[in-house]
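Data first, discussion second: the structure below is written as structure tokens.
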Amino acid sequence: MKIYKNFVSAALVTAAFSLSSASIANAGFYDGKDVTVIVNAGAGGGLTRNGRTLSTYMKKYLGIDTNMIIKNVAGGGGVKGFNFLTEKTKANGLTILFGSGQQMAQLLKLRSVRFDFGDIAFIGAAESNYITIARSDYKPGIKKASDILNVKKMIAGGRGTTDGLGIWARLPLMILGVDTRYVTGYRGQPKLNAAIRSKEIGLLATGGIGYFAFYADTIIKSGEATPLYFHAALRKDGKYSNAGGVFGNVKHFSDFYKETHNGKLPTGPLWEAYEWLSMYNTRPFGMYAMKAVGDARISELRNALKKTAADGAYRAAYKKQNKSDPQFLIGADGEFLMSEWKKISPGALAGLKKLTAKKKKKGGKKKK
Amino acid sequence: MTEALIEGFLLVFSWPAIGFLVLGCFLGIWLGAVPGLGGIIGLVLLLPFTFGMDTVPAFALLLGMFAVTSTSDTIASVMLGIPGTAASQATILDGYPLAQQGKAARAFGAAFTVSALGGVFGAIILAFSLPLILPVIKSFASPELFILGLLGLAMVGSLSGASILKGLSVALLGILLSTIGYGVAESIPRYHFETDYLLDKLPLIPVVLGLFAIPELMELAIRNVSISRIPKGEATDGGMLEGVKDVFRNWWLAMRCAAIGTYIGMLPGLGAAIVDWVAYGHAVQSAKDKSKFGHGDIRGVIAPEAANNATKGGSLIPTVAFGIPGSLGTAILLGALLIQGLKPGPEMLTTELHITFSMVWTIVLANILVAGLLMLWSKQVAKIAFLPGHLIVPGVILFVFLGAWLGSGSFGDWITCLLMGIVGFVMKRGGWPRPPLILALILGNIMENSYQISMLAYDGFGWLTRPVVLIVIFLIIVTIILSARGITKNKKSKKESIKSQINRDKDLDEPSEGGAINPIISFPFAILLFLLFCWAAYEADSWPDSVREFPIMSAVPGAVMVFFILFFDGKKLLSEITFHGNFSSALKYSSEKAMLKSATQFFGYLLAMVLIMLLLGQKIVLPLFIFVYLMRWGKYNWRISIGYALGGWVLMVCFYDRILDLLWYPSWISTWLPEILPAWVPSWLLV
Numbered sequence: 003m004k005i006y007k008n009f010v011s012a013a014l015v016t017a018a019f020s021l022s023s024a025s026i027a028n029a030g031f032y033d034g035k036d037v038t039v040i041v042n043a044g045a046g047g048g049l050t051r052n053g054r055t056l057s058t059y060m061k062k063y064l065g066i067d068t069n070m071i072i073k074n075v076a077g078g079g080g081v082k083g084f085n086f087l088t089e090k091t092k093a094n095g096l097t098i099l100f101g102s103g104q105q106m107a108q109l110l111k112l113r114s115v116r117f118d119f120g121d122i123a124f125i126g127a128a129e130s131n132y133i134t135i136a137r138s139d140y141k142p143g144i145k146k147a148s149d150i151l152n153v154k155k156m157i158a159g160g161r162g163t164t165d166g167l168g169i170w171a172r173l174p175l176m177i178l179g180v181d182t183r184y185v186t187g188y189r190g191q192p193k194l195n196a197a198i199r200s201k202e203i204g205l206l207a208t209g210g211i212g213y214f215a216f217y218a219d220t221i222i223k224s225g226e227a228t229p230l231y232f233h234a235a236l237r238k239d240g241k242y243s244n245a246g247g248v249f250g251n252v253k254h255f256s257d258f259y260k261e262t263h264n265g266k267l268p269t270g271p272l273w274e275a276y277e278w279l280s281m282y283n284t285r286p287f288g289m290y291a292m293k294a295v296g297d298a299r300i301s302e303l304r305n306a307l308k309k310t311a312a313d314g315a316y317r318a319a320y321k322k323q324n325k326s327d328p329q330f331l332i333g334a335d336g337e338f339l340m341s342e343w344k345k346i347s348p349g350a351l352a353g354l355k356k357l358t359a360k361k362k363k364k365g366g367k368k369k370k
Numbered sequence: 029m030t031e032a033l034i035e036g037f038l039l040v041f042s043w044p045a046i047g048f049l050v051l052g053c054f055l056g057i058w059l060g061a062v063p064g065l066g067g068i069i070g071l072v073l074l075l076p077f078t079f080g081m082d083t084v085p086a087f088a089l090l091l092g093m094f095a096v097t098s099t100s101d102t103i104a105s106v107m108l109g110i111p112g113t114a115a116s117q118a119t120i121l122d123g124y125p126l127a128q129q130g131k132a133a134r135a136f137g138a139a140f141t142v143s144a145l146g147g148v149f150g151a152i153i154l155a156f157s158l159p160l161i162l163p164v165i166k167s168f169a170s171p172e173l174f175i176l177g178l179l180g181l182a183m184v185g186s187l188s189g190a191s192i193l194k195g196l197s198v199a200l201l202g203i204l205l206s207t208i209g210y211g212v213a214e215s216i217p218r219y220h221f222e223t224d225y226l227l228d229k230l231p232l233i234p235v236v237l238g239l240f241a242i243p244e245l246m247e248l249a250i251r252n253v254s255i256s257r258i259p260k261g262e263a264t265d266g267g268m269l270e271g272v273k274d275v276f277r278n279w280w281l282a283m284r285c286a287a288i289g290t291y292i293g294m295l296p297g298l299g300a301a302i303v304d305w306v307a308y309g310h311a312v313q314s315a316k317d318k319s320k321f322g323h324g325d326i327r328g329v330i331a332p333e334a335a336n337n338a339t340k341g342g343s344l345i346p347t348v349a350f351g352i353p354g355s356l357g358t359a360i361l362l363g364a365l366l367i368q369g370l371k372p373g374p375e376m377l378t379t380e381l382h383i384t385f386s387m388v389w390t391i392v393l394a395n396i397l398v399a400g401l402l403m404l405w406s407k408q409v410a411k412i413a414f415l416p417g418h419l420i421v422p423g424v425i426l427f428v429f430l431g432a433w434l435g436s437g438s439f440g441d442w443i444t445c446l447l448m449g450i451v452g453f454v455m456k457r458g459g460w461p462r463p464p465l466i467l468a469l470i471l472g473n474i475m476e477n478s479y480q481i482s483m484l485a486y487d488g489f490g491w492l493t494r495p496v497v498l499i500v501i502f503l504i505i506v507t508i509i510l511s512a513r514g515i516t517k518n519k520k521s522k523k524e525s526i527k528s529q530i531n532r533d534k535d536l537d538e539p540s541e542g543g544a545i546n547p548i549i550s551f552p553f554a555i556l557l558f559l560l561f562c563w564a565a566y567e568a569d570s571w572p573d574s575v576r577e578f579p580i581m582s583a584v585p586g587a588v589m590v591f592f593i594l595f596f597d598g599k600k601l602l603s604e605i606t607f608h609g610n611f612s613s614a615l616k617y618s619s620e621k622a623m624l625k626s627a628t629q630f631f632g633y634l635l636a637m638v639l640i641m642l643l644l645g646q647k648i649v650l651p652l653f654i655f656v657y658l659m660r661w662g663k664y665n666w667r668i669s670i671g672y673a674l675g676g677w678v679l680m681v682c683f684y685d686r687i688l689d690l691l692w693y694p695s696w697i698s699t700w701l702p703e704i705l706p707a708w709v710p711s712w713l714l715v
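Take a look at the structure:
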């Protein structure tokens, strides 16, 4: 009996040991771990919603019992999130960032930027699109897109001088030569929504998500506002993505310009800046990690994102939220976003500087 | 409409919606009662769980939780003098003195009854206001928000207690603090001392917790008294039923404040954070006898509690109807709405009206359910008021510092909390009212933003002629006249007031907000404030107009007012020195009166905790603080101390770590401890 008991015990111990060894051998780095996903925007916005949706599906491709936790680090137009990633987190692959890239912030050497994009690895990013809309009753009346050219002075609204919404509102007007008073200080789409409804501003830009959430079925449908043109991601082959198809008859800004300017495309620094921004400022749903986490971790993250991007359920959830299919650039396909942004033409740089230049105002005495 | 109303009602009662509603209510009670948590954290926490749920159960869970946090937050406000959430800040002004008088149950009775009534009444007003909402929303642009903020500041007179000059100076300090971080019009950082933490703005939660919680906890620690200064059994008129009766005695005030809550809640940008202050100010201004406010006047509990529950319904409608959220909470709810595939717009008031009504019903039912539950429990909760202070202090310190950490998850939150604790103590002991600072800190940000937008959008001061702006300017003038009349009346009956105040304060050993007279503390604080205002104005001088306008607008008048305070306090200081014979005797007397020595020791404990945290991290240092405090300060035995500390640790690990997924401070030990821990010990237990 004793021998029998010993035999059973030995067998159980051996089996347990074999099982645990096997599981160790097959265990992935992310199994059972918590991955913190820094979202460089506020808790209630579209970026966070997209980050949450992506995390919900991606965690199962990352590991067994992996948990992905969203942490919002908003501020400075997304700069603060990257500062946080590079300064406050360990490069162990357990913290990644989901949000908008900050190539422009680094290029313009904004004083809040303390990270170097060279230290950051690209996991993947989805394209997005923006649309500009205007109040239909704005003098002398904007019933169709080309009426914008008859406006003498447009009041446009946005968050600040370097954020996406402000850029897509102002830059096209500057290219078109429409005199514009740009009102800053609107913290997010809901504030802009209130402002255009109360006629405080006449024009705004919004991402595709915001357009369908707030405007398409309300003030656009009722005729209170008119969509003017949309802006899409410029791909490496020099072509714009066709994501703008979701806006129906609305034209891409380049097509709108050609249509109203005898078939010619615009030229000059502002247009070069427009093209540069279409390349680097149209992929807000990007995923980044510190390069120092190592190639193995980066590769695992890229693989998980690739599988998620192909997951039918995720694609359906994405489409439900954003009204378009996800168009991801993953891994090496998107590396150019991290390496080529510095190769900006002098004209484009001059255009960007003109766009983000601060208006000279009274005050500001220099201290001795 | 009736059909939609009934259908909405039935939807909420269908399974599993009703189950999720009850679950949400329980979560809301907990999140509201713990200082620093609140509905926003609850929404962020619950949102991912609603991804796969149907619309009505999802909103039953989210709204059930969100609607009731402003009911249960009364517990911390009344029992500890700490705002449970941002919506219950004004409740502490009279709620806490009631608890000190042994009348916590009465305050609860009134607060919970009026919370339920406010929530229901707010929802009814809302249902009848639906046709009016679009014109209201459209007529409120940035100029109206700015001018409404100014009206809110005009209420400072009602919140300043004994000294209106000090109240106004403190309000200007609040506005100055609100300008920390990037300017609105240009990205020029202000007063940020080269730190990332201050680049955006000063987070509200650490400021509120530091300013109100730490001074009260310090009092409990130093005196080792219970919250109630009156022994159990000796308190009269303190029953819960009495509180319920109070509400019906003041039903007209409750209705007015519920209406204030609903309509202010509707206005995007103002939101719930100021509604309690506005309602409190209204209660003071409309009262014939104002003398008891700040000393435990039940009307000071009824007004903010009626308003803060009503505001939840108010802010919901513009959110669902136009996608314009009235507050951060409703902004997150808007996200939930979009995730559910619903689009804010006219459909929510037409084809999807039953869904909208199901949300309104959820708010109504949640308010009634939770008010009932809390009524049942309030007798037990009120007993905490009679516990020894030493048992309360360490546990609440844990909640306060973790609540502050939730501000932005930065070490700066702890520093802010501690610094504001010191400021709060000095203000309390020196007779400087604290509420105007918070009100101005909240309003300052909204006002500067609205002002800058107005100046840009309307190309100057053209917005001043807008009809709503003119109406609000008229209301501001009326408010100032009423406040001025109040001051004149006060002067007439000054002798009598001082006498009665001294008697009351003597009974409680606790002066009212801004009522303490201690020039030895007040005078140096005034000097510091004067220097601060002067420095802030000098610093701002080099910025462009749009960036420096608000700092200058607060710093220059602030310096002038504090100059006058220095003059008056200087006179009091001289008479104090004359009375005591010499400066050192006067200093000794004032130090003893303000318990400066013990206060310094207490702050020393907190400072040591904050510094040790850099090495050991929060999960070790907070239980360690509990243990050391109970052993050394409270003189409890090691069994109780260890048990209490372990309880705190379990709470941190289970709730804040595992459920809230808090990102902890990367302490020194977190860099090496996980590497040496055995594989079977998860590192999240310690770092």
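For the record, the sequence lines run as chains H and G. Take any residue in the first sequence, count from 1 to its spot, add 2: that is its number in the numbering used here. Take any residue in the second sequence, count from 1 to its spot, add 28: that is its number in the numbering used here. Ideal Cβ positions, reconstructed from N, Cα and C, are used throughout, including at glycine.
- Within a 10 Å sphere around the beta-carbon of G:A673 sit 16 or more other beta-carbons, which makes this residue buried.
- If you look at H:N74, you'll find it in the beta strand (DSSP E) that goes N69 to N74.
- By the Cβ criterion, the region 232-251 of chain G is in contact with the region 625-640 of chain G, since at least three pairs of Cβ atoms, one from each stretch, lie closer than 8 Å.
- In this structure, H:A312 lies away from H:P328, with their beta-carbon atoms at least 7 Å apart.
- The beta-carbon of H:P328 is placed no less than 7 Å from the nearest beta-carbon of chain G.
- Contact between the region 123-139 of chain G and the region 101-114 of chain G is present, with at least three C-beta pairs closer than 8 Å.
- Within 7 Å of the CB of H:I157, the CB atoms of chain G belong to A485, in sequence order along the chain.
- Here the alpha carbons of H:A158 and H:I203 stand approximately 6 Å from one another.
- About 16 Å separates the beta carbons of G:G309 and G:A338, which is beyond the 8 Å limit, so they are not a contact pair.
- In this structure, DSSP gives H:D297 a helical state, which the three-state scheme calls helix.
- Taking 8 Å as the upper bound for CB-CB distance, G:A485 and G:L90 are not in contact here, some 34 Å apart.
- Under the DSSP definition of a beta bridge, H:V41 partners with H:N74 and H:F100.
- Ranked by Cα distance from H:F255, the options H:T58, H:K309, H:E226 and H:I177 are led by H:I177.
- Counting only Cβ-Cβ distances below 7 Å, H:E202 has contacts in chain G at A169, S170 and A485, in chain order.
- Residue contact check for G:Q480 against chain H: a CB pair falls below 7 Å.
- Under the DSSP assignment, G:L33 falls in the alpha helix (DSSP H) whose first and last residues are T30 to F41.
- H:T164 and H:L109 do not touch by the CB rule: their CB atoms are close to 10 Å apart, not below 8 Å.
- The beta-bridge partner set that DSSP reports for H:G288 consists of H:G101 and H:A127.
- The beta carbon of H:V185 sits closer than 7 Å to some beta carbon of chain G.
- Within the same chain, Cβ atoms closer than 8 Å to the Cβ of G:S256 are found at A127, Q128, Q129, G130, A132, A263, A413 and F414, the five residues on either side in sequence being excluded.
- Counting the other Cβ atoms within 10 Å of the Cβ of H:A171 gives 16 or more, which makes it buried.
- Rounded to the nearest angstrom, the gap between the Cα atoms of G:F611 and G:F553 is 17 Å.
- When only Cα atoms are considered, G:I425 and G:H418 end up about 11 Å apart.
- The beta carbon of H:M60 lies closer than 6 Å to those of A306 and T310 in the same chain, with the five residues before and after it left out.
- Pairing H:A352 with H:G162, the inter-Cα distance amounts to about 19 Å.
- Close partners of H:S114 in chain G (Cβ separation under 7 Å): L227.
- Listed by position along chain G, the residues whose Cβ is nearer than 7 Å to that of H:Q104 form an empty set, because the closest Cβ is around 14 Å away.
- Counting C-beta pairs closer than 8 Å gives fewer than three between the region 447-458 of chain G and the region 152-163 of chain G, which falls short of the contact rule.
- Residue nearest to H:N324 within the set H:Y63, H:K90 and H:Y132 is H:Y132 (criterion: CA-CA distance).
- With a threshold of 7 Å between beta carbons, H:A215 makes contact with chain G.
- Residues of the region 66-78 of chain H with a C-beta less than 7 Å from any C-beta of chain G: I71, K73, G77 and G78, listed in chain order.
- For H:Y259, the enclosing alpha helix (DSSP H) has its first and last residue at F255 to T262.
- For the 7 Å CB-CB criterion, G:A565 and G:I580 form a contact.
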